[in-house]
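In UniProt numbering, the protein residues as written are 1 to 306.
Glycine residues also receive a C-beta, built at the ideal position from the N, C-alpha and C atoms.
Predicted model, so just to flag it, every value in this text is computed and none were measured.
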């Protein structure tokens, strides 16, 4: 890796952050959830990814308790969905402008802040999972209008996009996009052109599902013989190799692996010290990208990233 930090919203952050979705697995062990997040900060995490709909507000509540002003952690949240406890999935889309505004207000309240540093607009135009239908099919320009208004009001510091197409990102560039979150891994690399555009524009690339396989039918990095071979040669785990490849692949990549386990958290943070030589990178770059649409379903909650 050329550097241990990258830019996010005009701030240098450690390239390995923490995706807080998995904290909801500790709902009945709140003290453990707080301790896990404190441990992440001790290990150098200064970038946490969250959403009000993670754990129906539980995750944001833990973040509010665990993080202190002196930690100086950049908390990135998202809008575009809302909790749906009785639904087939635990959330439903909330794409209309008034719903995006309500989502920002909900995050402000649950995090206990007056301003959200970065808010990702989750479009769901690409990648696995839900697709908007009916009144949830909203023009990107209408959504960006309310997001920029919220920024002008001081409630948002910066705007990101999630599950967006290359054409969508190009349309959104004049709004001042600071990060893109799309599903992306060594086994799922359809967005190479978008990654290059982000690098050219100084936009952080924050892949979710960084090891693939979050939905049934999607390829998993840890199933690849090449990943196992590189891991064995380095004395690390296949998961660590999959994450390390992302850091080596482009300098604007930021990782947000998620876990509810302290040992795995420490293993994820150790990825920053893994060096992949030219031979290892060539081997991993040669893995076939097998991205594709899959039936909508519930993601595997144990998969790193969110």
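Three or more beta-carbon pairs separated by less than 8 Å are not found between the region 80-88 and the region 32-49, which leaves the two stretches without contact. The beta-carbon distance between residue 185 and residue 125, rounded to whole angstroms, is 19 Å. This is too long to meet the 8 Å contact definition. Rounded to the nearest angstrom, the gap between the Cα atoms of residue 161 and residue 206 is 10 Å. For residue 148, the enclosing alpha helix (DSSP H) has its first and last residue at 140-152.
When C-beta atoms of the region 58-76 are compared with those of the region 92-101, fewer than three pairs fall below 8 Å, so the two segments do not count as touching. When the beta-carbon positions are compared, residue 76 and residue 103 stay at least 8 Å from each other.
Between residue 112 and residue 228, the alpha-carbon positions lie close to 43 Å from each other.
Distance from the Cα of residue 7 is smallest, within the candidate group 26, 74, 235, for 74. Close CB contacts of residue 114 within its chain, under the 6 Å cut and outside five residues either way in sequence, are absent.
Just so you know, the alpha carbons of residue 138 and residue 145 end up roughly 12 Å apart. Here the alpha carbon of residue 150 sits roughly 25 Å from the alpha carbon of residue 208. Using a Cβ distance threshold of 8 Å, residue 194 and residue 169 count as a contacting pair. For residue 23, the closest of 38, 12, 237 by C-alpha to C-alpha distance is 38.
Pairing residue 287 with residue 203, the inter-Cα distance amounts to about 26 Å.
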